[in-house]
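Below you'll find the structure, written out as structure tokens, and then a few comments.
Number of protein chains: 4
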Amino acid sequence: MTDMLESRLSLIVRSTEIDINGHVNNAKYLEYLEWGREDWYEHAALPYDVLLALGVVTMTVNVNLNYRKEARQNDVLTVITRPERVGNTSFTVKQSIVREQDQAQIADGTVTLVTVDAIKRTSTPVPEVLRRLFMS
Amino acid sequence: MTDMLESRLSLIVRSTEIDINGHVNNAKYLEYLEWGREDWYEHAALPYDVLLALGVVTMTVNVNLNYRKEARQNDVLTVITRPERVGNTSFTVKQSIVREQDQAQIADGTVTLVTVDAIKRTSTPVPEVLRRLFMS
Amino acid sequence: MTDMLESRLSLIVRSTEIDINGHVNNAKYLEYLEWGREDWYEHAALPYDVLLALGVVTMTVNVNLNYRKEARQNDVLTVITRPERVGNTSFTVKQSIVREQDQAQIADGTVTLVTVDAIKRTSTPVPEVLRRLFMS
Amino acid sequence: MTDMLESRLSLIVRSTEIDINGHVNNAKYLEYLEWGREDWYEHAALPYDVLLALGVVTMTVNVNLNYRKEARQNDVLTVITRPERVGNTSFTVKQSIVREQDQAQIADGTVTLVTVDAIKRTSTPVPEVLRRLFMS
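See the structure below:
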């Protein structure tokens, strides 16, 4: 389990990500999670172009996200992404957001994606290079 | 049940909401859902200022969202928001996004919010004016 | 002059477009302007796909924008776009944002774009179908 | 001149900042510039809260921005902000965005702001602590 690929992306909360309540808007976290998944794909040497060359794009089909604490401007956050499970044409990653200064859990949840044929736009088996990231 | 307050917000997908895949980015849907909830609060005559005058703000604690179909620039979407259940200090609304031209279900899910004391920033009972929206 | 193509796009200011100051963030106006230009291209029957079929994409090279008044959540705004001048490989549109309820001028300015060869990514003459929009 | 306060903010272009053309959307640059100005205020020990305690907020009244080159996902950009001139109730900063890998100028321009009474929302003289940043 522990040797599964995990990625950690560090980011700083910017002014335009803050809403009228003075904290990061709930929608913005989904962007942070997407940045985290991009980082995870890159650590796996499977960025967008490599998957596309295999005829595959990934599409989000479910997000289940818990918001634990408010984050504020200039907070330094780490987005942690790790594989959870893989099926025939879908896979799930676990993601969490931790604030560096106090190690507070800001948010955590799971994101499920399907692999889709880049031309036909229909679901297609998870490529082997991606599937093996889920094997310990 | 049917006499519970439901709101329907119509929106048009704009160019800056489209990502490199040519469809609405997954994070953008959470903004659409927030716009739908604002519309729902307004239909209930409980906009931000009214709740704030009661000493309360609402905070999102969970989003569980299914993405069903891709949406594209100029699609006309309806965000439907209706009450699902209410607890002591939290409540859940059911939201779905339907494309007007073909009535396709684009996304659906639930959003859970807590009511928070606007000063102390700790959870506080759901005000009666909000709670009664969940009673049929 | 008066018979030049002008487009008017109506939009409603949404909660996630408001910043900590309680008004529309200055960056968001550039999205509004882009939506207005898309509307203008569509009224001219020259949307993205049509220009791309001519081998051309347009790229913004300058924005000069004055912010006149604050806009707030639920304000109904009209983005007015009209042609200003055309050169060999560039053109300028004049855009303004007016609030419907009081006809207040919220912002106004000019946006200059170049026409670029979609493959080579180098500037290319403004296609005749686009150029004639600037002739009265 | 050279001893005027200049700030340099480094950022990485993220996936959700890329539009259908595969490059950073023109509106996003205004967010980058705002992040740069926040960084400049902080380097001057004049963040939002300090100015607010002086009864002042700043509001953007003009942006004049040239887009020079396309930026793409994962590009590392530096936003450089430096004072240009100060008037009675307004001031102008010069900002540019440079790509670290090839030192290409991505964008440059000026942003003019007014100082506004935080309560009355009318223009008010630039506070001395802010004005002296423009003196060499």
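Protein chains in written order, with the numbering used here: chain R, 965 to 1100; chain A, 965 to 1100; chain F, 965 to 1100; chain W, 965 to 1100.
Positions of the beta carbon are idealized from the N, C-alpha and C atoms, including for glycine.
Here the structure is a predicted model, which means the values were calculated and not measured.
Put simply, the segment 1028-1039 of chain R does not touch the segment 1002-1010 of chain A. Fewer than three CB pairs are less than 8 Å apart. Within chain A, the residues whose beta carbon sits less than 9 Å from that of W:D983 are S979, T980, I982, D983 and I984, listed in sequence order. Counting only runs of at least 3 residues, the segment 1008-1048 of chain W fully encloses the following beta strand (DSSP E) elements, listed from N- to C-terminal order: 1020-1031. Close to W:A1068, with beta-carbon spacing below 9 Å, lies no residue of chain F; the smallest spacing is near 14 Å.
C-alpha of F:M968 to C-alpha of A:N1026: approximately 50 Å in a straight line. Around the beta carbon of W:L975, 16 or more other beta carbons sit within 10 angstroms, so the residue counts as buried. Secondary structure of A:G1000 (DSSP, three-state): helix. With fewer than 16 other Cβ atoms inside 10 Å of its own Cβ, F:G1051 counts as exposed.
Under DSSP, F:V1078 forms a beta bridge with F:M1023 and F:S1054. Between W:T1045 and W:V1057, the CB-CB gap stays under 7 Å.
Annotation: the segment 969-998 of chain R contains the following complete segments of the beta strand (DSSP E) (minimum length 3 residues), in chain order: 971-976. For W:V1093, the uninterrupted alpha helix (DSSP H) segment begins and ends at E1092 to R1095. Closest option to W:S1100, judged by alpha-carbon separation, among W:E1048, W:P1011 and W:V1043: W:E1048. Judged by their CB atoms, F:T1076 and F:S1054 are nearer to each other than the 7 Å cut-off.
Counting only the Cα atoms, F:V1078 lies some 48 Å from A:V1014.
In this structure, the beta-carbon distance from F:L1041 to F:A1071 does not fall below 7 Å. The residue from A:A1008, A:V1090, A:H1007 and A:E998 with its alpha-carbon nearest to that of A:V1020 is A:V1090. Interface annotation, R:E1048: not in contact with chain W, CB-CB separation never under 7 Å. Taking the Cα of A:K992 as reference, the smallest distance to any Cα among W:V988, W:Y996 and W:T980 is reached at W:T980. For the options A:H987, A:N989 and A:T1022, the alpha carbon positioned closest to that of A:R1095 is the one of A:T1022.
Within the segment 1022-1033 of chain F, no residue has a Cβ lying closer than 8 Å to any Cβ of chain R. Proximity of F:L994 to chain W, defined by a Cβ-Cβ separation below 7 Å, is satisfied.
Interface criterion met: the Cβ of F:N989 is under 7 Å from a Cβ in chain R. Using a 10 angstroms sphere on the CB of W:L1016, the tally of other CB atoms stays under 16, which defines it as exposed. At least one beta carbon of chain F lies nearer than 7 Å to the beta carbon of A:W999. Its chain contains T1042 and I1044 as the residues whose beta carbon lies nearer than 6 Å to that of A:R972, once the 5 sequence neighbours on both sides are disregarded; these appear in chain order. Residue burial is scored here from C-beta neighbours: W:R1085 has fewer than 16 other C-beta atoms within 10 angstroms and is therefore classed as exposed.
Counting only the Cα atoms, F:K1033 lies some 12 Å from F:D1066.
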